[in-house]
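Worksheet: the structure to be examined is printed underneath.
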Amino acid sequence: MTGAVRPTDPVPTGDVPTGAHATAQHDHHDDRSGGADGPAHVLLTGGSGFIGREVLARLRKRGDRVTVLDLAPVPAPFDEDPGVDRIAGDLTTDEPYRVLEERLDRDPEPPTAIVHLAAVTSVLGSKERPEATFRLNVACTQRLLELARTRGIAVFVLASTNAVTGDVGTRVIDTEIAPTPLTPYGATKAAAEMLVLGYAGSYDLAGAALRFTNVYGPGMAAKDSFVPRMMRAALSGDTVKVYGTGRQSRDLVHVSDAAAGVLAAIDRRFTGRAVIGSGESVTVLELVDRVRAVTGRPLPAEHVPAPKGEMPAVRVDVRRSLTDLGWAPRVGLDEGLAGVWRDFRGAAADG
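Under the UniProt record's numbering, the first residue of the sequence shown is numbered 1, with each subsequent residue one higher.
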C-alpha cells in the first residue's frame, strides 16, 4: 500500500504515513437532520448519474426539495417523489434553462444552492471530443454561475477532479498545487474551478470546487472505470487490462463519502477547493489483488501500454477537508469493494 494523508494523520515529516481506515456499517453519514438552516431547495445537475443518485437520496432523506436537471430520467423511487422536480434536456442547449427560468419565476421557494455534477468525466472521451467537453464542463458551469448570480442563489458546489493537477510525480496532492492538466478533461475542470472561485470572489456566493478522487460504489455497473471493469471480468472469467506496470497508485473514495462531502460543502457554505478522497492510496496491482480477495475469483491481468495522459500516481491529502468541511471518509476499501461485488452479482442474477 502506498502512502497518503488521511484527516487523522499527523503532519508528515519525511515519509508520509498511512492511516488505518475507519469503517462503519450501512449509513456512514447521518443526514437526517437537514441542512444547517433546515430543509432547503437544491438545484442538482446530473442527479440521475452515479454520484448524483447518492446526493439526491441524501438530500431527500433529510427533507430537502430537489430540482434535477439531467438528460436521463430520475431514478426510482424519486421519479414519483413530490419533493423532486425534473427538467429534462441537454445542458449544452438553451431549452432546459428556458424551462428552469420559467419555473423559477413562479416558484415561491427558489433554490438556495446549486450542485453541478453533470460533466464529461471520461478522460478518453474528452480527448476524442474536446469541444463537447468544453461546452459541458466549462460553458455550462458559467451559465449556472450566472443563474446563481442573477437569482441570488447563495451556494454553488462543483464536482471537480485531481486531474487538474496533472503529473506531480510522487508528491502528495493537495489544493495548493498549481493546476497543470494533461488532458482536455483536466483542463476544462481547472477552468470550471477558476470560474467558480472567480464568481465567489466577486459576488455574494459561496463557491466550492470538490476534487474527487476515483469514486466507486454500488450503482456503477454502466460505467467504464477500472473498478467496474474488474467486476465484469471477475463475473465473466475474462482478463482485466492493466495499463503499464500497474505500479501507478490510485486513491478511491466511496460514493457515499463523496455525497457526504457535497452536503458538507452546502451546509458549511464553503468557498474554496477541497480534496474528497480516502487518503489511502493503492497501486493498480494491489487493487486487483483486493478485488481477487473480495470476489474469490482469479481475475487474470493483462498488461497493455498506458495511454498518453495517464497519471502515474494519485496520493492525496484530505486533512483540510476535515477542518474546512467537517468531513472525513468512512468507508474502507475492502468493505466498499465487497458492496460493489454484491451489487454486480445481484444485477447479474436479475438478468
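The beta carbon of each residue, even a glycine, is placed where N, CA and C say it ideally should be.
Do L210 and G261 count as a contact pair if the criterion is CB distance below 8 Å?
yes
Runs of 4 residues minimum, wholly inside the segment 40-118: which ones carry the alpha helix (DSSP H) assignment?
50-61, 95-105
Are any of the Cβ atoms in chain D nearer than 8 Å to that of P298?
Among the chains of the structure shown, chain D does not appear; only one protein chain is present.
Going by C-alpha distance, which of V164, A139, A200 is nearest Y97?
Selected option, being the one with the closest Cα: A139.
Looking at R219: is its Cβ nearer than 8 Å to the Cβ of R345?
Residue 219 is actually Gly in this sequence, not Arg. No, they are not a contact pair.
Using the beta-carbon count (16 or more within 10 Å), is H254 buried or exposed?
H254 is classed as buried because its beta carbon has at least 16 other beta carbons within 10 Å across all chains shown.
State the Cα-Cα distance for the pair A222 and P228, rounded to the nearest angstrom.
8 Å
Can you tell me where the beta strand (DSSP E) with A209 in it begins and where it stops?
206-212
Looking at V314 and residue 353, is the spacing between their C-beta atoms short of 8 Å?
Within the shown structure, residues of the chain are numbered from 1 to 351, placing residue 353 beyond reach of any answer.
Taking the beta carbon of R250 as the centre, do at least 16 other beta carbons fall within 10 Å, making it buried, or is it exposed?
buried
Over the uninterrupted beta strand (DSSP E) stretch that includes G186, give me the two end residues.
No beta strand (DSSP E) contains G186, which is instead part of the alpha helix (DSSP H) from 184-202.
Going by beta-carbon coordinates alone, are L325 and A265 separated by less than 8 Å?
Cβ distance < 8 Å, so L325 and A265 count as in contact.
Could you tell me the boundaries of the beta strand (DSSP E) in which K223 lies?
Annotation for K223: no beta strand (DSSP E) segment contains it, and DSSP assigns it neither H nor E.
Using the rule of at least 16 other Cβ atoms within 10 Å of the residue's Cβ for burial, across every protein chain shown, is residue 360 buried or exposed?
Any answer about residue 360 is impossible in this case: the structure gives the chain only from 1 up to 351.
Short check: CB of P329 to CB of G272, under 8 Å?
no
Nearest candidate by alpha-carbon position, reference K241, set L252, R58, F226
Checked all of L252, R58, F226; the closest Cα to K241 is F226.
My parser needs the beta strand (DSSP E) runs of 3 or more residues fully inside the segment 241-306; what are they?
249-254, 272-276, 281-283, 301-304
Cβ-based burial, P181 [other Cβ within 10 Å; buried from 16]:
buried
Indicate whether G46 and A154 have their beta-carbon atoms separated by less than 8 Å.
no
Own chain, CB closer than 7 Å to G217, minus 5 neighbours either side, in chain order
H254, V255, S256, G336, G339, V340
Going by the CB atoms, is the gap between L136 and V120 shorter than 8 Å?
Taking a C-beta distance under 8 Å as the contact criterion, V120 and L136 qualify as a contact pair.
Through-space distance from R292 to T67, alpha-carbon basis
40 Å
Leaving aside the five residues before and after D334 along the sequence, list all residues of the same chain whose C-beta is less than 7 Å from its C-beta, in chain order.
R290, V294
Give the straight-line distance between the Cα atoms of H41 and L263, rounded to the nearest whole angstrom.
13 Å
Coarse secondary structure for V123, derived from DSSP in three states
Three-state DSSP puts V123 in a helix.
Below 8 Å on the Cβ atoms is my guess for F134 versus G207; work out the distance and round it to an integer in Å.
At roughly 20 Å, the Cβ-Cβ gap does not stay under 8 Å, so F134 and G207 are not in contact.
Bounding residues of the alpha helix (DSSP H) (the contiguous stretch that carries A163)
It is not in any alpha helix (DSSP H) - A163 carries neither H nor E in the DSSP assignment.
At which residues does the alpha helix (DSSP H) containing D343 begin and terminate?
333-349
Just to confirm, are L205 and R149 a CB contact at a threshold of 8 Å?
yes
Less than 8 Å between the beta carbons of V74 and V172, yes or no?
no
When we look at the beta-carbon of V277 and count the other beta-carbons within 10 Å, is it buried (16 or more) or exposed?
The residue asked about is misnamed: residue 277 is Gly in this sequence, not Val. By the neighbour-count rule (16 or more Cβ atoms within 10 Å), G277 is buried.
Report buried or exposed for S160, applying the criterion of at least 16 other Cβ atoms within 10 angstroms of its Cβ.
buried
From E81 to G332, what distance separates their C-alpha atoms?
Note that residue 81 is Asp in the sequence shown here, rather than Glu. Taking the straight line from one Cα to the other gives about 32 Å.
Is it right to say G49 is buried, meaning 16 or more other beta carbons lie within 10 angstroms of its own, or is it exposed?
That one is buried.
Proximity to G166 [Cα-Cα], best of V84, A72, A187:
A187
Three-state secondary structure (DSSP) of D174:
coil
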